[in-house]
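Below is one structure; the comments refer to it alone.
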Amino acid sequence: MRTPGGKSPDGERRGGTVNHGGWHRTVLRRIRRAGGAVLAGVLLVALVLGGCGSPGSDGSGGDEQVLNDNIGSEPPTLDPALMTDLTSFQIVNSVMEGLTRIGPNGVEPGMAAEWEVSDDQLTYTFHLRDAVWQNGEPVTAEDFVYAWLRVLNPETGAPYAYQLYYIKNAEAYNSGEITDPTQVGVKALDEKTLQVSLEAPTPYFLSLTAFPTLMPVHKATVESNPDWAGEAATYVGNGPFKIAEWVHDSHIDLVKSDTYWDKDTVRLEKMHIVMVNEGATAETMFANGELDSNGSLNPQDIPQLLASGEAKTSPMISVTSIYFNTRKAPFDDPRVRKAFTLALDRKAIVEQILKGGQKPALAFVPFGIPNPVTNEDFREEGGDYFKDADVETARRLLAEAGYPDGQGFPKVTYLYNDNDTNRALAEAYQQMWKQNLGVQVELQSMEWKVFLAAQKQGDYDLSRGNWVGDYLDPMTFLDLWVTGGGNNRVGWSNAQYDRLIEEAKTTGDQQVRFRNMHEAEKILMDEMPIGPIFFGVNVYQEKPYVKGVFRTALGTTDYKWAYIEGKGQ
4 MRTPGGKSPD GERRGGTVNH GGWHRTVLRR IRRAGGAVLA GVLLVALVLG
54 GCGSPGSDGS GGDEQVLNDN IGSEPPTLDP ALMTDLTSFQ IVNSVMEGLT
104 RIGPNGVEPG MAAEWEVSDD QLTYTFHLRD AVWQNGEPVT AEDFVYAWLR
154 VLNPETGAPY AYQLYYIKNA EAYNSGEITD PTQVGVKALD EKTLQVSLEA
204 PTPYFLSLTA FPTLMPVHKA TVESNPDWAG EAATYVGNGP FKIAEWVHDS
254 HIDLVKSDTY WDKDTVRLEK MHIVMVNEGA TAETMFANGE LDSNGSLNPQ
304 DIPQLLASGE AKTSPMISVT SIYFNTRKAP FDDPRVRKAF TLALDRKAIV
354 EQILKGGQKP ALAFVPFGIP NPVTNEDFRE EGGDYFKDAD VETARRLLAE
404 AGYPDGQGFP KVTYLYNDND TNRALAEAYQ QMWKQNLGVQ VELQSMEWKV
454 FLAAQKQGDY DLSRGNWVGD YLDPMTFLDL WVTGGGNNRV GWSNAQYDRL
504 IEEAKTTGDQ QVRFRNMHEA EKILMDEMPI GPIFFGVNVY QEKPYVKGVF
554 RTALGTTDYK WAYIEGKGQ
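Residue numbers (our numbering): 4 to 572.
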């Protein structure tokens, strides 16, 4: 999923990766002892619990249960079918709930109280609990059928429709190959029983059922108002909180939902969530007690804040890249794309600009994702695909493409969404391209929502790109780039790559899956429609009296278990 940047030193609201020097090796050793069957759950929980307080802790004393947080920018949309960014996901994860929820013990029951999986791993049967929407109407299996088919309906234009392609005939319906939605493998057997049939065994399918794109929506609300997800008064959710007030580009107020099935677990009565993009302003608000939690930080302040304990870090599986628009010159030439990628000095970027523990990315899939066959890290198995700051090769490639020392290179513009971090990165890239290639690149900044629209429309030359894993598998990074993919914003297409990804998605053989994914990443790095820059790390501020906030290395921040304790002490 995308992040707006500037909310931590790698440009993410919740960003990061695993330090490949030690953290993930420790986790993998624990996984080996635990056994492959629980690999995903063990790793996910290991990623999230440190330094957050215990989600199950008791006692909040007499503290007012109000949390003041900062998401940095206006969410582009709160419609589960249309979201692609982490800012939107964070709000929706609080006001909606899918069949499952990612919690302290990995995948936990959500709207589904229990489920069965067939012996061949192709059929999942979910039994829904007696839960209701925030308008008091029951949540039914048909709500999930409607929501999922809405995502797959080509007319919806859902960017994340491919996340449902694991379901039988889902891709065929989304592509228009079939037009009968009843052929898609999702059925309501009765009001409280949902049956899902898959194309092939999918080890992470239960994790996907917690993903926002697969959350239910209230059919009558959606069909009566095309703008239902844009205002507090018209939004109908089923999660632990509900939207009480939404002042666009200012703040969103969430209050505890009295209709949520597990409301007794929810301790916070209110969250006041502001949208402050400037790091210096947000840091001042945090210091003054106006914010209890903050992810908008000025990169220049990070070392001091970390040293003083005023900021924290946590791992996250993400990568920040340069996106090249391969649909038009000069970036339709892979030699130019490689030249621009190799000309950047990642070590200098992470040490002199970001300063939060980020790591240079010399491949696309981050560290922290284990191979269940070998129990080794996918990134360590694949290794690096290019050298950092390989200026000699970059200059040679640019000359081969017809631009020796940058002569004759056309005017191009680097597009980014504006904030402290992204601005500093853009200026560093600009300087390195000028110094190392002789190319002058113009810079253009945009507000987050406008930036996403421009990127989606292909209205750019090269731009900031960032991706956080949606589930714990390399596929969450690699299926981005298939031909015509909903989140393929670079216009790249490669038939061999498509074939490898399709085979990896449809085989039940994990050895074949991981072999194909390594081969696909090699093709991606050979043609370089995206230039990896760094693997991130989440840097944020949180008051010591904030307890139980549940952060995962997949980018989500869950407040279901959060509470305030000891604020007045």
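Using N, Cα and C, we set each Cβ at its ideal position, and we do this for glycine too.
This one's a predicted model, so the numbers in the text were calculated from it and none came from an experiment.
Specify the secondary structure class of Gln184 as computed by DSSP and reduced to three states.
For the record, residue 184 in the displayed sequence is Pro; it is not Gln. It is helical.
Thinking Arg104 and Ala213 are a contact (beta carbons under 8 Å), I'd like their distance in whole angstroms, please.
5 Å
Quick one: Cα of Val493 to Cα of Tyr543, how far?
30 Å
Could you tell me the distance, in whole angstroms, from the CA atom of Ala366 to the CA atom of Glu226?
44 Å
List the residues that DSSP assigns as beta-bridge partners of Pro141.
Val135
Return helix, strand or coil for Asp61, following the three-state DSSP convention.
In this prediction, Asp61 scores a pLDDT of 47, lower than 50, which makes its location untrustworthy; the coordinate-derived value is nonetheless stated afterwards. Three-state result, Asp61: coil.
Quick check: Leu557 and Val471, are their CB atoms within less than 9 Å of each other?
Yes, the pair counts as a contact, with Cβ atoms nearer than the cut-off.
Closer than 7 Å by C-beta to Lys2: which residues in its own chain qualify, once you throw out the five before and the five after it? Chain order, please.
No statement about residue 2 is possible, as the shown extent of the chain runs from 4 to 572 and does not include it.
On the three-state DSSP scale, how would you describe Thr559?
coil
Tell me where the beta strand (DSSP E) around His254 begins and ends.
254–259
Hey, how far is the Cα of Thr284 from the Cα of Glu272?
Their backbone Cα atoms lie some 26 Å apart in a straight line.
Could you please give the first and the last residue of the uninterrupted beta strand (DSSP E) stretch that includes Glu445?
First-last of the beta strand (DSSP E) with Glu445: 444–449.
Quick check: is the beta carbon of Lys273 nearer than 9 Å to any beta carbon in chain D?
Looking for chain D here will not work: only one protein chain is present.
Would you kindly report the start and end of the unbroken beta strand (DSSP E) that includes Arg104?
DSSP places Arg104 inside the beta strand (DSSP E), whose first and last residues are 103–106.
Find out if the Cβ-Cβ distance for the pair Thr224, Thr216 is shorter than 9 Å.
no
Would you mind listing the beta strand (DSSP E) stretches within the segment 405–435 that are 3+ residues and don't spill past its ends, in chain order?
415–420
Could you check the C-alpha separation between Thr323 and Thr479 for me, to the nearest Å?
15 Å
Which same chain residues end up closer than 8 Å to Asn96 when comparing Cβ atoms and leaving out the 5 residues on each side of it in sequence?
Pro215, Gly242, Thr559, Thr560, Asp561
Since Ala404 contacts Asp464 with CB under 8 Å, what's their CB separation in whole angstroms?
That pair is no contact at about 15 Å.
State the Cα-Cα distance for the pair Thr486 and Tyr474, rounded to the nearest angstrom.
21 Å
Indicate whether Ile276 and Ile567 have their beta-carbon atoms separated by less than 9 Å.
no
Rounded to whole angstroms, what's the CA-CA distance from Leu50 to Pro229? Just pull it up for me.
Its pLDDT being 41, under 50, Leu50 is placed unreliably by the model, and the measurement read from it follows with that caveat. So the two alpha carbons sit approximately 38 Å from each other.
Among Val142, Tyr165, Arg467, which one has its Cα closest to the Cα of Glu327?
In the sequence as presented, Glu is not what sits at residue 327; that position holds Phe. It is Arg467.
Thr396: which of Pro413, Arg340, Gln434 sits nearest, CA to CA?
Arg340
Could you have a look at Val30 and say whether DSSP puts it in helix, strand or coil?
Since pLDDT at Val30 reaches only 31, below the 50 mark, its modelled position is unreliable, and no value is offered.
What is the DSSP secondary structure of Met86, counted as helix, strand or coil?
coil
Taking all protein chains shown into account, do 16 or more other C-beta atoms lie within 10 angstroms of the C-beta of Lys362, making it buried, or fewer, making it exposed?
buried
Would you identify the three-state DSSP class for Leu167, choosing helix, strand or coil?
helix
Excluding the 5 residues preceding and the 5 following Ile526 in the sequence, name in chain order all residues of the same chain whose CB lies nearer than 8 Å to its CB.
Hits under 8 Å: Asn497, Gln499, Tyr500, Leu503.
Consult DSSP for Glu226 and reduce its assignment to one of helix, strand or coil.
helix
Does DSSP put Asp380 in a helix, a strand or coil?
strand
I need the boundaries of the alpha helix (DSSP H) containing Gly282, first residue and last residue.
282–290
Would you decide whether Gln572 is buried or exposed? Buried here means 16 or more other CB atoms lie within 10 Å of its CB.
The residue is exposed, with fewer than 16 neighbouring Cβ atoms inside 10 Å.
Which residue's Cα is closest to the Cα of Thr509: Thr205, Glu77, Arg338?
The residue with the shortest Cα to Cα distance from Thr509 is Thr205.
From the DSSP output, which residues share a beta bridge with Leu201?
Ile170
With distances taken between CB atoms, is the gap from Phe147 to Met99 smaller than 9 Å?
The Cβ-Cβ distance between Phe147 and Met99 does not fall below 9 Å.
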